[in-house]
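Visitor: Numbering-wise (the working numbering), the sequence shown opens with residue 113 and increments by one.
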Amino acid sequence: MTVVSRRFLLLAAAWLLPGCSAPETPLAKLELAVVSLQEALEARSTSDVMRQLDERFRAQDELDADWARKTMMLMFLRYAQVRIVAVSSRSRLEDGEGGTLGLTEAQVLVTGAQGLIPERLAPYTVTLRWRREGDDWKLRDLHWD
Numbered sequence: 113m114t115v116v117s118r119r120f121l122l123l124a125a126a127w128l129l130p131g132c133s134a135p136e137t138p139l140a141k142l143e144l145a146v147v148s149l150q151e152a153l154e155a156r157s158t159s160d161v162m163r164q165l166d167e168r169f170r171a172q173d174e175l176d177a178d179w180a181r182k183t184m185m186l187m188f189l190r191y192a193q194v195r196i197v198a199v200s201s202r203s204r205l206e207d208g209e210g211g212t213l214g215l216t217e218a219q220v221l222v223t224g225a226q227g228l229i230p231e232r233l234a235p236y237t238v239t240l241r242w243r244r245e246g247d248d249w250k251l252r253d254l255h256w257d
């Protein structure tokens, strides 16, 4: 599997199922944004994912939104289906109850028609940093181990 393939799969793994909160709170809206990204990836909708990336999006501190778009397109051609399984997930606001900065930390597995993608049994540790624009949360930074 190529480095680009693995990086995309980790990007895909970043979108996972969060916990529940009251639907109108900033935290609840952050959790809905996480679910929306997961659904867009599983639906193989590059355009829906791109709408949720911040204009200054970075993955691993060096890869930008254009990299994410190109990588998704390549991976969606390669894998007929993608599923993200959250082993654990936690979202929180980083700057208080009405905050504009959010953080999601998770342990995730990525599966496809052929099984685990890439062929790794241990879950990935994924950290997503978000920025709120009005009522919308945009993914600003993505890191994985």
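Each residue gets a CB set at the ideal place from its N, CA and C atoms; glycine is no exception. Computed from a prediction, not measured in an experiment: that's the story for all the values here.
Should the stretch 158–175 be called in touch with the stretch 205–220, which here means at least 3 C-beta pairs below 8 Å?
Guide: no
Visitor: Would you mind working out which of 243, 184, 137 sits nearest residue 160, comparing C-alpha positions?
Guide: 184
Visitor: Buried or exposed: which applies to residue 150, given that a residue is buried once 16 or more other Cβ atoms fall within 10 Å of its Cβ?
Guide: buried
Visitor: If you draw a straight line from the C-alpha of residue 245 to the C-alpha of residue 196, how long is it?
Guide: If I take the Cα positions, the gap works out to 26 Å.
Visitor: Within the same chain, show all residues whose beta-carbon is closer than 6 Å to that of residue 191, passing over the 5 residues directly before and after it, in chain order.
Guide: 224
Visitor: Start and end of the beta strand (DSSP E) containing residue 219?
Guide: 213–224 is the extent of the beta strand (DSSP E) around residue 219.
Visitor: Assign residue 133 to one of three DSSP states: helix, strand, or coil.
Guide: Only weak support exists for where residue 133 lies, its pLDDT of 44 falling under 50; the value from the coordinates is given anyway. Correct three-state label for residue 133: coil.
Visitor: Considering only residues of the same chain and omitting the five flanking positions on each side of residue 207, which have a CB-CB separation below 8 Å?
Guide: Excluding sequence neighbours, residue 207 sits near 213.
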